[in-house]
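A short write-up of the structure that comes next.
Residue numbers (the working numbering), protein chains in the order written: chain A, 1 to 394; chain B, 1 to 325.
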C-alpha cells in the first residue's frame, strides 16, 4: 500500500477519465435480522450465555437509566442529559469485544460502553449531580464521564478532538509494548471536523493500533446526514486514508461484536487502525435541550422503533432458550428501583468545597490562583447566603 | 562548557532528555531524518530511531491532538509546530483539550508531560506568517505554561525543565537568534526554574522588562540610556505563564518606573496584563505611567518590518519619556 504512494509507482491512463462512479456502495454486515433470527449464511459469533446476557442486560440498564434521567432533567433535578436510545448495541456490543486494558475514548453517547465496563449506578449519579464524590470533582456538565480505573478517558464537549488523541494514545500503547488498543467513538457529524481527517491520516501513516468507531445515526442535532456528506457515508473515507474498514448494522449486537472483535485482532497484530461505521438511528432527542419534532417525522421514528437493538437480541436469546422472560421483567423492575433510589440518595450529596476550584488547573496551584481563591473566600464569607452550596464549608 | 548557538543548545537538550527517558518522543513536520527546517532535531532519528523521532503528516491540529493522546497515555511528547504562525489550527486542541485535561478529569488524567516547541518572532523578513509572536493568545488559557528563552544557556536549561515539568508547556523559541545567539552552554544536565524571572542587570532608575529575542533590544537601549545617566534595571521574564510577579514588583517598588516591551501587537499583548497587575500592586510606588513599547496593531508587515519592530531606539525614547515624566 505504502509503496504505491510514491510518484514513480502511479499507474498510467492515456485518455481523460474522471472517476465519477467512485461511490462504491459499501455493504453492511448484518448477522441477526430485525426479528432476532440469524441470516442463513451468517456466522453467529462465539458468545456464551453469560456474555450474551451481560450485553442484553447492560443495554436494558442503559435504557432504564436514560428514561429516568431524561425525566430527572425535566423535573429540574439535573441540568442536562443526553440519551442513547436506539443506539445501545453500538456502544455495549463493541465494548464487549474489547479487553479491560483497552482505552475507550468516547464522544458522549456511549454510556453503554461505560456501563459494560462496570461503572456503577452510583458513579453515574455522582457525575450527573456534579457532587463531591464525582471523579471529575463536579467540574463538567452531566454525561461527561471519565474513569481512570476503567480505562475510560474523560469525555469533553468539543467534537472530534478525541480522534487524533486516540491515535496518539494507541501509539503510546504500542511503544510501551502493551497488548492493548484504543477505541475511539464519534458520531457521523463529528466526522466532518478537521480532527477526523487528522486522526485517521495520522493513525494510518504512523501505524497506530486504534479502532475508530463511528455511530452513524442519521442526525447531528437537526442536521440529517444528507446535509453532512455527499459520499458513501463515513466508511468510504476510511479507504481513502488506507484504513481497513467495515460497515455494520449498529442495531445488531452480533454484527457490532463480531466486527469489533476482528478489528481489535487486526489492530493488534498489524499495528494498524480499523474504521467501523455502525449504521443506526438516534431514537432519542439529541439532548434534553433539543426537540426533534421540529425536524423529523413520527413515521420515520416509528420505522426505527421496529428495529430496536434490545428487542432484536432479546428475541435471539429467547429462541436460544437463554432468557427467562418473567425473571427479566422482575430484574427490569429491580433496575428501575435501584436507579431511582440511587438518584434520590445521591442528589443530597454536597458539591466539592470551594478550594477545589483552583486544584488540578496545574499540578499545584500557582501564586495567582491562590491569590484569587483567597479573595473569593473573603468575599463569600461576607455574602454567604449568595453562595449556598459552598459557603457553609469555607 | 561548549560554545553553542541556540539551535545547538535545543538539540543538546533534546538529546539529554531522550537519553534520560525512553518515553520522550519528538515529532512534527520535517523533524525526522531531515532534522527539522531549522535543524533543531538534527540526528535525533539517527540516534534514537524512527519510533521516537518521526515526521507527521502536515496537520497542526493532528500533531497536537496526537500529542495530547500520547501524553495522557504516559509518554513524554515533545511536539514541534514549524512556525508559531501555524499554531492556530491547533488552537482548539491546545486551549480546549491540552490545557483543561487535568482539571476536567478531576486530576485522573493529564497532558502534563507534553511540551510544544515552536519558533516565534520577527526580524527575519518573514512577513505575515513567519514572524508572529502569539504568546498572549495562550496566556489567556489556564492550565498552560509558557516559556520563552533569550539565549542558548537559557534555552537548554528551560527546555529540559519544560520537558520534565508535570504541566503542558508551550516553549517558544526566538528564531531570529537561532544562529545569531552563541554562548557557553554546559554539556552536562541542568535545568532553570519555570515561573521565575531573571534580573540580568540591576539598576535604580527604571525597570525594563521583556522576554526572548526582545532582551537584546533592551540591552542596547539600556546602554544608550546609561550614557545619558539613566541606570536601568533589566529583567528577563522567561516565563509568561505563570509569570513572576514578585521579582517584577520588587524591582518596580525600588525603581518606581516600569517599561515593558514585546514584539507582539500592543492591544491585548501580555504587557497589558503585567501593567495592570503592577499598577494594582505598586500604585503608591509608581512615579510615572507604565510604558509599553510593542509591535503596532497591524498584521506583521514585510517591507515595513524595521518600522514595525519595537527596536532599541523606540525603547530608548520611551525610557527617557518615562524617567523624565
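Backbone N, C-alpha and C fix where the C-beta goes; we use that ideal spot for every residue, glycine too. Quick caveat: nothing in here was measured; it's all calculated off a predicted structure.
- With 16 or more other Cβ atoms from the protein chains shown falling within 10 Å of its own Cβ, residue 308 of chain A counts as buried.
- Taking a contact as a CB-CB distance under 8 Å, the pair residue 136 of chain A and residue 105 of chain B counts as one, their CB atoms being some 6 Å apart.
- Taking residue 145 of chain B as reference, the option from B/62, B/240, B/2 and B/268 with the minimal CA-CA separation is B/240.
- Residue state for residue 39 of chain A is assigned as coil, using DSSP reduced to three classes.
- Spanning the alpha carbons of residue 117 of chain B and residue 222 of chain B requires a straight line of approximately 30 Å.
- Annotated three-state conformation of residue 62 of chain A is helix, per DSSP.
- For residue 163 of chain A, the nearest beta carbon of chain B is closer than 9 Å to its own beta carbon.
- Taking residue 264 of chain B as the centre and dropping the five residues before and after it, the same chain places the C-beta of 132, 133, 134, 135, 136, 270, 294 and 295 closer than 8 Å to its C-beta, in chain order.
- Residue B/130 holds the alpha-carbon nearest to the alpha-carbon of residue 302 of chain B among B/143, B/268 and B/130.
- In chain order, 358 and 361 place their CB closer than 7 Å to the CB of residue 369 of chain A, counting only its own chain and leaving out the 5 sequence neighbours on each side.
- In the DSSP assignment, residue 383 of chain A falls outside any alpha helix (DSSP H), carrying neither H nor E.
- Beta-bridge annotation (DSSP): residue 247 of chain A is paired with A/28 and A/277.
- Using a Cβ-Cβ cut-off of 9 Å, residue 314 of chain A does not count as an interface residue toward chain B, since no Cβ of chain B sits closer than that to its own.
- Under a criterion of Cβ atoms nearer than 8 Å, the residues of chain A adjacent to residue 67 of chain B are, in order, 168.
- Those residues of the stretch 171-185 of chain A placed with their C-beta closer than 8 Å to a C-beta in chain B are 171, 172, 173, 175, 176 and 182, ordered along the chain.
- Residue 201 of chain B carries a strand assignment under DSSP once its states are collapsed to helix, strand and coil.
- Listed along the chain, the chain B residues whose CB falls inside 8 Å of the CB of residue 156 of chain A are 96, 97, 100 and 104.
- DSSP places residue 195 of chain A inside the alpha helix (DSSP H), whose first and last residues are 194-205.
- Of the candidates A/378, A/55, A/353 and A/312, the residue whose Cα lies closest to the Cα of residue 390 of chain A is A/353.
- Your pair residue 186 of chain A and residue 160 of chain A checks out as a contact, with CB atoms roughly 6 Å apart and the cut at 8 Å.
- Counting the other CB atoms within 10 Å of its CB gives residue 24 of chain A a total below 16, which places it among the exposed residues.
- Assignment of alpha helix (DSSP H) within the stretch 195-259 of chain B, counting only whole runs of 4 or more residues, yields 214-227 and 245-255 in chain order.
- Put simply, the backbone Cα of residue 156 of chain A is about 8 Å away from that of residue 108 of chain A.
- By the Cβ-count criterion, residue 13 of chain A is exposed, with fewer than 16 other Cβ atoms from all chains shown falling within 10 Å of its own Cβ.
- Looking at the DSSP output, residue 27 of chain B bridges to B/54 and B/79.
- At a cut-off of 9 Å between beta-carbon atoms, residue 146 of chain B makes no contact with chain A.
- By the criterion of a C-beta distance shorter than 6 Å, residue 286 of chain A is surrounded in its chain by 221, once the five residues flanking it on both sides are discounted.
- In this structure, the beta-carbon distance from residue 155 of chain B to residue 194 of chain B does not fall below 9 Å.
- Runs of the alpha helix (DSSP H) lying entirely within the stretch 249-319 of chain A, each at least 4 residues long, are 253-270 and 298-305 in chain order.
- When Cβ-Cβ separations below 9 Å define contact, residue 21 of chain B makes no contact with chain A.
- Neighbourhood of residue 139 of chain A in chain B, by CB distance below 8 Å: 103, 104 and 106, in chain order.
- In the displayed model, residue 120 of chain B falls within a strand according to three-state DSSP.
- Counting the other Cβ atoms within 10 Å of the Cβ of residue 287 of chain B gives fewer than 16, which makes it exposed.
- The beta-carbon of residue 285 of chain B is placed no less than 9 Å from the nearest beta-carbon of chain A.
- Residues 7 of the same chain have their beta carbon placed closer than 7 Å to that of residue 39 of chain B, with the five preceding and five following residues left out of the count.
- For residue 95 of chain A, the CB contacts under 6 Å within the same chain, skipping 5 residues up- and downstream, are 113 and 116 in chain order.
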